[in-house]
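First up is the structure itself, then whatever we jot down about it.
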Amino acid sequence: MIPLAIPNISGNEGKYLQACVDENFVSTVGRFVGEFEDLLAAATDYKHAVVTSQGTTALHLGLTALGVDVGDLVIIPDLTFIATANAVAHCKALPWIIDVSAENWTLDPVLLSKVLSENCEIDTNGNVIHKPTGRTVKCILPVYTMGLAPDMDAICDIAEEWGLPVLSDGAAALGTNYQGKPIGHTRATMTMMSFNGNKIITSGGGGVLLGNNTDLMERVRHMSSTARSGINYDHDIVGFNYRMTNIQAAVGVGQIEVLDTFVASKRKTASHYQNAFQHRDDIQPFMTAPWSEGNHWFSGIFMPDWTADRVALLRDHLRRCDIDARPFWQPMHMQAPYAQCPTNLQGVATGVWEKILPLPCSTQITDEELQQVTNAVLSFN
Ligand SMILES: *Cc1c(COP(=O)(O)O)cnc(C)c1O
Numbered sequence: 140m141i142p143l144a145i146p147n148i149s150g151n152e153g154k155y156l157q158a159c160v161d162e163n164f165v166s167t168v169g170r171f172v173g174e175f176e177d178l179l180a181a182a183t184d185y186k187h188a189v190v191t192s193q194g195t196t197a198l199h200l201g202l203t204a205l206g207v208d209v210g211d212l213v214i215i216p217d218l219t220f221i222a223t224a225n226a227v228a229h230c231k232a233l234p235w236i237i238d239v240s241a242e243n244w245t246l247d248p249v250l251l252s253k254v255l256s257e258n259c260e261i262d263t264n265g266n267v268i269h270k271p272t273g274r275t276v277k278c279i280l281p282v283y284t285m286g287l288a289p290d291m292d293a294i295c296d297i298a299e300e301w302g303l304p305v306l307s308d309g310a311a312a313l314g315t316n317y318q319g320k321p322i323g324h325t326r327a328t329m330t331m332m333s334f335n336g337n338k339i340i341t342s343g344g345g346g347v348l349l350g351n352n353t354d355l356m357e358r359v360r361h362m363s364s365t366a367r368s369g370i371n372y373d374h375d376i377v378g379f380n381y382r383m384t385n386i387q388a389a390v391g392v393g394q395i396e397v398l399d400t401f402v403a404s405k406r407k408t409a410s411h412y413q414n415a416f417q418h419r420d421d422i423q424p425f426m427t428a429p430w431s432e433g434n435h436w437f438s439g440i441f442m443p444d445w446t447a448d449r450v451a452l453l454r455d456h457l458r459r460c461d462i463d464a465r466p467f468w469q470p471m472h473m474q475a476p477y478a479q480c481p482t483n484l485q486g487v488a489t490g491v492w493e494k495i496l497p498l499p500c501s502t503q504i505t506d507e508e509l510q511q512v513t514n515a516v517l518s519f520n
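Mind the numbering: the sequence shown is residues 140 to 520 in this note's numbering, read in order.
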């Protein structure tokens, strides 16, 4: 079966793992941890990088550092992976679920601005109060859908207007550019990335928080371990145990060394599928946006005029052709743990979920395999 997206471990990862063993540094201290942070900061043009055990823990850490607390609201897009919402719930806060734009499948700034104005007021302490629930909105959490950057300038303008921080979920966004520059140049307060097995690079599991505010990022680093403030087991605040290990970082360093070839392969796959279905009015490629050169973490097709059943039949057809085909993220408002959250939806995320089909896009996919996938899609009727 041609897999959907599998890791590509063919560089120095094994050598660096052996070095962890030889040098006897396997835990959260070791040279690869700092090296991976430096390489991540350099690749994204962020001043500071703090690596973590997972992307989810990076989000939890970041939200906590921004003061998200019991009963607060955090704005998230309807179309994302459940981990975004889970990180909010781990703070005992609630997601406020807002729809994505039909043009690019990322948090819709027009809708965001409208629903903030209609539902919120700023109280005498400068808190943003969501009038229907009486809860305090603490943060805006946009997501880089398929690696594509949201409209960050518009979102950050709105955030500044309301005095809210922005924590971006760029789980699979390494290698994506925003307005021709690495994403450290967006005005997000922090950006999170994940290095889980299926992301653009992997460290087995792992994540990072990236930021430019030195005080905030020092606090994040302090909280990421046990918030130790002195040698005599002094701890000044409640800390986590969310640091990445040297073993994870060793794999991550081996991966980021070849990031450019991974991104080139992902972009090549995206343009293959774009060209392959150009003659079909009913089959569109995944969205792009004028402000972002995406890394095309995931490629695939979108059939807005088909029924959801027909999309499911195509998925079955591909599997019979020995091609891995699966559904994509189910919108957050449909998830059992988040069914009661405040929402402002227009049906865009639901339509995307029903009508898209991710196609195989591992970085080691061959031209023959791409052609095989294309032929299989075109043979469906
Ligand atoms: C993968 C992913 C996460 C979670 O990262 P983990 O490292 O798996 O915890 C969060 N958000 C999005 C959009 C993701 O794709």
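Ideal Cβ placement from N, Cα and C applies to all residues, glycine included.
Rounded to the nearest angstrom, what separates residue i and residue j at their Cα positions?
i: R454; j: D448; result: 10 Å
i: V487; j: S166; result: 44 Å
i: W436; j: A226; result: 22 Å
i: P470; j: T219; result: 7 Å
i: I237; j: L280; result: 10 Å
i: T446; j: A188; result: 44 Å
i: R389; j: I221; result: The sequence given here has Ala at residue 389, not Arg. Straight-line Cα distance between these residues: approximately 28 Å.
i: T513; j: L313; result: 27 Å
i: F425; j: L398; result: 22 Å
i: V276; j: V282; result: 17 Å
i: Q510; j: V347; result: 36 Å
i: T92; j: N520; result: Absent from the structure is residue 92, since the part of the chain shown begins at 140 and ends at 520.
i: A490; j: L246; result: Inspection of the sequence shows that residue 490 is occupied by Gly rather than by Ala. Looking at the two C-alpha atoms, the distance is approximately 15 Å.
i: N258; j: A204; result: 26 Å
i: A293; j: P234; result: 21 Å
i: G393; j: V207; result: 35 Å
i: N371; j: G378; result: 16 Å
i: N434; j: G286; result: 6 Å
i: H411; j: W301; result: 42 Å
i: G336; j: I148; result: 10 Å
i: P321; j: P499; result: 26 Å
i: E508; j: R274; result: 51 Å
i: T195; j: W468; result: 16 Å
i: S240; j: G150; result: 38 Å
i: C230; j: G210; result: 9 Å
i: I395; j: T223; result: 24 Å
i: W492; j: V450; result: 10 Å
i: A180; j: L255; result: 33 Å
So residue i and residue j are in contact, right, with Cβ under 8 Å, and what is the actual spacing, rounded?
i: N248; j: D217; result: Correcting the residue type first, residue 248 is Pro in the shown sequence and not Asn. So it is not a contact: roughly 14 Å between Cβ atoms.
i: N380; j: S364; result: 7 Å
i: L349; j: T328; result: The pair is not a contact, with the Cβ atoms about 10 Å apart (cut-off 8 Å).
i: G391; j: I340; result: 7 Å
i: H269; j: L212; result: 6 Å
i: V523; j: V172; result: The question about residue 523 has no answer, for the chain in this structure spans 140 to 520.
i: A428; j: N163; result: So it is not a contact: roughly 47 Å between Cβ atoms.
i: T530; j: F416; result: The first residue shown for the chain is 140 and the last is 520, placing residue 530 beyond what the model contains.
i: C295; j: T325; result: 7 Å
i: Y185; j: G323; result: 4 Å
With burial defined as no fewer than 16 other Cβ atoms inside 10 Å of the residue's Cβ, what is the status of residue i: buried or exposed?
i: L260; result: For the record, residue 260 in the displayed sequence is Glu; it is not Leu. Under this definition E260 is an exposed residue.
i: Y155; result: buried
i: N483; result: buried
i: N316; result: buried
i: R360; result: buried
i: K563; result: The chain is shown from 140 up to 520; residue 563 falls before or after that span and cannot be answered.
i: S192; result: buried
i: M332; result: buried
i: H418; result: exposed
i: V516; result: buried
i: S431; result: buried
i: A232; result: buried
i: K405; result: buried
i: S438; result: buried
Using a Cβ-based criterion (distance less than 6 Å to any ligand heavy atom), does residue i qualify as near ligand 1?
i: F220; result: yes
i: A188; result: no
i: T203; result: no
i: S333; result: yes
i: G210; result: no
i: D308; result: yes
i: V394; result: A quick correction: the sequence has Gln, not Val, at residue 394. For ligand 1, not one heavy atom lies less than 6 Å from the Cβ of Q394.
i: G346; result: yes
i: T195; result: yes
i: V267; result: no
i: T223; result: yes
i: V282; result: yes
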